[in-house]
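Trainee: One structure is given below, represented as structure tokens, and several questions about it will come after.
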Amino acid sequence: MHKLWASTYKEFLLLIRDMGGVAILFVMPLVLIITITLIQDSTFQTVKDIKIPILIVDKDHGDVAKTMLEGLEDSNSFEVIEKQTEEEAKNLVSKGEYQLAVIIPEKLTEDLHQKISNNVDGIMAKVMGEEADSLPKPDVENKEVKLYFDPATQQSFKSSVKNGIDKMISKIETQSIYKAFQEQISDNPEEAIFETENFITFTEILPKIEGRDVLPNSVQHNVPAWTLFAIFFIIVPLSINMVKEKSQGTFVRLRTNPVSYATVLGGKTILYLLVCLIQFVLMLLVGVYVFPAMGLPALDVSGRLPLLFVVALFSGLAAIGLGLLLGTLAKTQEQSAPFGATFVVILAAVGGVWVPVFIMPKFMQVLSNISPMNWGLNAFYDVFLRQASLMDIVPEITLLFIFFILTTIIAIVYNEKKNAV
Amino acid sequence: MISIQHISKKYKGADNYSVLDLDLHIAEREIFGLLGPNGAGKTTLISMLCALIKPTSGTFSIDGLTYKENKRKLKQLIGIVPQEYALYPSLTAFENLQYFGSMYGLKGKELHDKITNFLEHLGLGKFANKRIETFSGGMKRRVNLIASILHEPKVLFLDEPTVGVDVQSKNVIIQFLQELNAKGTTIIYTSHHLNEAENFCTKVAIIDHGKIIVEGEPAHLIHTNEGAHSLEDVFLSLTGKALRDHA
Numbered sequence: 001m002h003k004l005w006a007s008t009y010k011e012f013l014l015l016i017r018d019m020g021g022v023a024i025l026f027v028m029p030l031v032l033i034i035t036i037t038l039i040q041d042s043t044f045q046t047v048k049d050i051k052i053p054i055l056i057v058d059k060d061h062g063d064v065a066k067t068m069l070e071g072l073e074d075s076n077s078f079e080v081i082e083k084q085t086e087e088e089a090k091n092l093v094s095k096g097e098y099q100l101a102v103i104i105p106e107k108l109t110e111d112l113h114q115k116i117s118n119n120v121d122g123i124m125a126k127v128m129g130e131e132a133d134s135l136p137k138p139d140v141e142n143k144e145v146k147l148y149f150d151p152a153t154q155q156s157f158k159s160s161v162k163n164g165i166d167k168m169i170s171k172i173e174t175q176s177i178y179k180a181f182q183e184q185i186s187d188n189p190e191e192a193i194f195e196t197e198n199f200i201t202f203t204e205i206l207p208k209i210e211g212r213d214v215l216p217n218s219v220q221h222n223v224p225a226w227t228l229f230a231i232f233f234i235i236v237p238l239s240i241n242m243v244k245e246k247s248q249g250t251f252v253r254l255r256t257n258p259v260s261y262a263t264v265l266g267g268k269t270i271l272y273l274l275v276c277l278i279q280f281v282l283m284l285l286v287g288v289y290v291f292p293a294m295g296l297p298a299l300d301v302s303g304r305l306p307l308l309f310v311v312a313l314f315s316g317l318a319a320i321g322l323g324l325l326l327g328t329l330a331k332t333q334e335q336s337a338p339f340g341a342t343f344v345v346i347l348a349a350v351g352g353v354w355v356p357v358f359i360m361p362k363f364m365q366v367l368s369n370i371s372p373m374n375w376g377l378n379a380f381y382d383v384f385l386r387q388a389s390l391m392d393i394v395p396e397i398t399l400l401f402i403f404f405i406l407t408t409i410i411a412i413v414y415n416e417k418k419n420a421v
Numbered sequence: 422m423i424s425i426q427h428i429s430k431k432y433k434g435a436d437n438y439s440v441l442d443l444d445l446h447i448a449e450r451e452i453f454g455l456l457g458p459n460g461a462g463k464t465t466l467i468s469m470l471c472a473l474i475k476p477t478s479g480t481f482s483i484d485g486l487t488y489k490e491n492k493r494k495l496k497q498l499i500g501i502v503p504q505e506y507a508l509y510p511s512l513t514a515f516e517n518l519q520y521f522g523s524m525y526g527l528k529g530k531e532l533h534d535k536i537t538n539f540l541e542h543l544g545l546g547k548f549a550n551k552r553i554e555t556f557s558g559g560m561k562r563r564v565n566l567i568a569s570i571l572h573e574p575k576v577l578f579l580d581e582p583t584v585g586v587d588v589q590s591k592n593v594i595i596q597f598l599q600e601l602n603a604k605g606t607t608i609i610y611t612s613h614h615l616n617e618a619e620n621f622c623t624k625v626a627i628i629d630h631g632k633i634i635v636e637g638e639p640a641h642l643i644h645t646n647e648g649a650h651s652l653e654d655v656f657l658s659l660t661g662k663a664l665r666d667h668a
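Keeping their order, the protein sequence lines are chains A and B.
With our numbering, you'll find the first sequence wraps up at 421, consecutive numbering, no jumps.
With our numbering, you'll find the second sequence wraps up at 668, consecutive numbering, no jumps.
Written as structure tokens, this is what we have:
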């Protein structure tokens, strides 16, 4: 035990002697979390509050086009700019000056009414027991509303616009059908025969704590994800610390000392775990106190602190296990630092820090299940957003702990095997 | 004290053996010099004896113990002064020694007193709380030596302990090692400084191409080699004057 504490104290001294390193270790994660949250929150605000200019070419000049234009303007998401020709709109979008151009085809209103009229006439004739009108109905071709997107536009934005326009067109079609029936049944166009409002609506039911709704915000999502990312970055300084010992010759001296490799690693584990927890506290403090001062939503940690520390502790252990393994395997800083940094980014991507796991391809979803960052992220989300209890997070923290044990054992066995005498 | 039987070492990917079928016996309280040109196998031999690398074949024991059976006990018995400084540059001399002393199970007042005494003895008392990165080569060599003898080993291995140091530091180191030897420590030492070895060692072995080519007391070796007036003459006559550069 004395050797373990001596090792821990030595690691502490090494750390504090490099004040620049300490500053980077504690300040950079905070800079990261503030930057990412500001960007994501401002993006969210942008989509919500600022109108994106889009181009419209109205070749229809009818009611349907008018309704579509009004719908787009009323959505509060777009600033509609009309252009005369499709070619002009297409060029502006392809140059990246606008994100989107909507081309409303010619005779859209006329043909839609004709198509509906044909269908309604047919139905009415059947209902009234009459023979279908012997006069031939004019053929109506299907219409196409064209959307031109800037090639640099993100897929999520495209999908959301396409869904919105699709919904708007469906609504126009439905209302036109109702209107056609109304004209057939009643002579009074003002008479309300049909209820045209949606029958089925939806309401988002939010989780409640002590009777009040808990509305997750961008901070509740960002802080756990990027905190975890920062915690895992501990593998870079930790592995560099170990590689330095090899290049300085101190590791050779330690190998001749009557001390086990497990003890040497134990000292590093204790110190770096402490660093992880301090990082975590600082990030929570930023979320709770700094974010509101910057106009961001405050991080709500009420009633969750003990569980959050449990998750941070086990996530830190998993990250340290990985760092110990990397530091054992790597021979130079040129190997450990770039590999460590890149590997954390890969783990974060696979773990769902950037893109939610459920929208990943099937193979990546399977891969995500074996990413320690995914276990940590799920545990954090459980605590932050799903009001989980300790029992709920036991599976995730167990996996994180097993990962730590496994990586540490591999590091010890590898070292023993390599240096067996 | 040290008994080596048919020990050989061939590194992975190497064409030749660094140490080949070497037999050697070193008596207790000896100051034994392992001399040889670059790449002769001196450091490889010491590294095997200190459990840093595994022999390809052969066996050895120190004070009747082997690493296979008594690894921890044997490590407590030996000390090694590596060629590199093997110290943490950002820690002070005292902190370095406190840490390495702790690794031998030393603690508290006993450790503190030992560190203080040794630092004073080797002229580093007033630099105890200075960082190693501010030390000269000679000062680092002395701290490097203290880190290896805090636990009072029975056998001390030194790999080029005086390389790159000034005459004064070298003198202090050699004198200190002689004092240790007088107290009962067996010393195994490698060096390129043949004059130093001639005066310091009670016995030497000249190694070349992984084999011992001659072994004995320095004075005896000089006497029995025709035309030799120093150990350096003996060395050159046995190993030749050709350069031994290798990569």
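Idealized CB from N, CA, C, for every residue including glycine.
Here the structure is a predicted model, which is why all the values come from computation and not from measurement.
1) Compare the C-alpha of leucine 238/A against each of Val275/A, Val311/A, Leu228/A and name the closest.
2) Going straight from the alpha carbon of tyrosine 414/A to that of glycine 327/A, what length do you get?
3) If you reduce the DSSP assignment to three classes, tell me which class proline 53/A lands in.
4) Using CA coordinates, which residue listed in Ile270/A, Ala180/A, Lys83/A, Tyr98/A is at the minimum distance from lysine 3/A?
5) List, in chain order, every chain B residue whose beta-carbon is nearer than 8 Å to that of histidine 2/A.
6) Whole alpha helix (DSSP H) runs in the segment 77-125 of chain A with 4 or more residues, listed along the chain?
7) Enumerate in chain order the residues of its own chain whose CB-to-CB distance from phenylalanine 233/A is below 6 Å, with the five nearest sequence positions on each side excluded.
8) Measuring straight from C-alpha to C-alpha, what distance separates glycine 12/A and phenylalanine 404/A?
9) Measuring alpha carbon to alpha carbon, tell me which of Tyr148/A, His113/A, Phe157/A ends up nearest serine 77/A.
10) So does the segment 432-448 of chain B actually touch the segment 341-359 of chain A, counting three or more Cβ pairs closer than 8 Å?
11) Just to confirm, is the Cβ distance from leucine 147/A to leucine 100/A under 8 Å?
12) Just mark glycine 546/B as buried or exposed, buried being the case when its beta carbon has 16 or more other beta carbons within 10 Å.
13) Classify glutamine 504/B as helix, strand or coil using the three-state DSSP reduction.
14) Would you report the Cα separation of valine 249/A and phenylalanine 521/B, rounded to the nearest angstrom?
15) Assuming proline 368/B and isoleucine 594/B form a contact by the criterion Cβ under 8 Å, report the distance between their Cβ atoms to the nearest whole angstrom.
16) Can you pull the chain B neighbours of glycine 249/A, defined as C-beta to C-beta under 7 Å?
17) In chain order, which alpha helix (DSSP H) runs of at least 4 residues are fully inside the segment 228-307 of chain A?
18) Is the Cβ-Cβ distance between valine 236/A and glycine 340/A less than 8 Å?
19) Is the beta carbon of arginine 304/A less than 8 Å from the beta carbon of valine 383/A?
20) Quick one: is arginine 493/B near chain A, going by C-beta distance under 8 Å?
21) With which residues is tyrosine 148/A paired in a DSSP beta bridge?
22) Leaving out five residues before and five after isoleucine 103/A in sequence, what residues of the same chain have Cβ atoms less than 6 Å from its Cβ?
23) Could you spell out the range, first to last residue, of the alpha helix (DSSP H) harbouring glutamine 155/A?
24) Taking asparagine 415/A as the query, report the chain B residues whose CB atoms sit under 9 Å from its CB, ordered along the chain.
25) If you draw a straight line from the C-alpha of glycine 376/A to the C-alpha of phenylalanine 314/A, how long is it?
26) Report the three-state DSSP secondary structure of glutamine 426/B (helix, strand or coil).
27) Count the CB pairs spanning the segment 617-630 of chain B and the segment 446-457 of chain B that are closer than 8 Å, and state whether there are at least three.
28) Closest Cβ-Cβ distance between lysine 496/B and chain A: below 8 Å?
29) Shorter than 8 Å from the beta carbon of tyrosine 520/B to some beta carbon of chain A?
30) Step through the CB atoms of chain B and report whether any lies within less than 8 Å of the CB of glutamate 257/A.
31) Would you please verify whether the beta carbon of glutamate 573/B is less than 8 Å from any beta carbon of chain A?
32) So, does the CB of alanine 225/A fall closer than 8 Å to a CB anywhere in chain B?
33) With a threshold of 8 Å on Cβ separation, who are the neighbours of methionine 294/A within its own chain once the five nearest residues in sequence on each side are excluded?
34) What does DSSP give as the partner residue(s) for phenylalanine 453/B in the beta ladder?
35) Using a threshold of 8 Å, state whether the C-beta atoms of threonine 227/A and phenylalanine 280/A are closer than that.
36) List the DSSP bridge partners of glutamate 636/B.
Mentor: Quick look at the numbers:
1) Val275/A
2) 11 Å
3) strand
4) Ile270/A
5) Ser523, Gly526, Lys528
6) 86-94
7) Val344
8) The sequence as given places phenylalanine at residue 12/A; glycine does not occur at that position. Rounded to the nearest angstrom, the two C-alpha atoms are 21 Å apart.
9) Phe157/A
10) no
11) yes
12) exposed
13) coil
14) The sequence as given places glycine at residue 249/A; valine does not occur at that position. So the alpha carbons of these two residues sit roughly 13 Å apart.
15) This structure cannot speak to residue 368/B, because chain B is shown only from 422 to 668.
16) Pro503, Glu505, Tyr506, Ala507
17) 235-248, 250-256, 261-285
18) yes
19) yes
20) yes
21) Ala101/A
22) Val57, Glu86, Lys146
23) 155-185
24) Going along chain B, no residue has its Cβ under 9 Å from asparagine 415/A, so there is no contact; the nearest lies around 13 Å.
25) 8 Å
26) strand
27) yes
28) yes
29) yes
30) Looking at the sequence shown, residue 257/A is not glutamate but asparagine. So yes, asparagine 257/A belongs to the interface.
31) no
32) no
33) Ile34, Leu38
34) Ile609/B, Lys624/B
35) yes
36) Ala626/B
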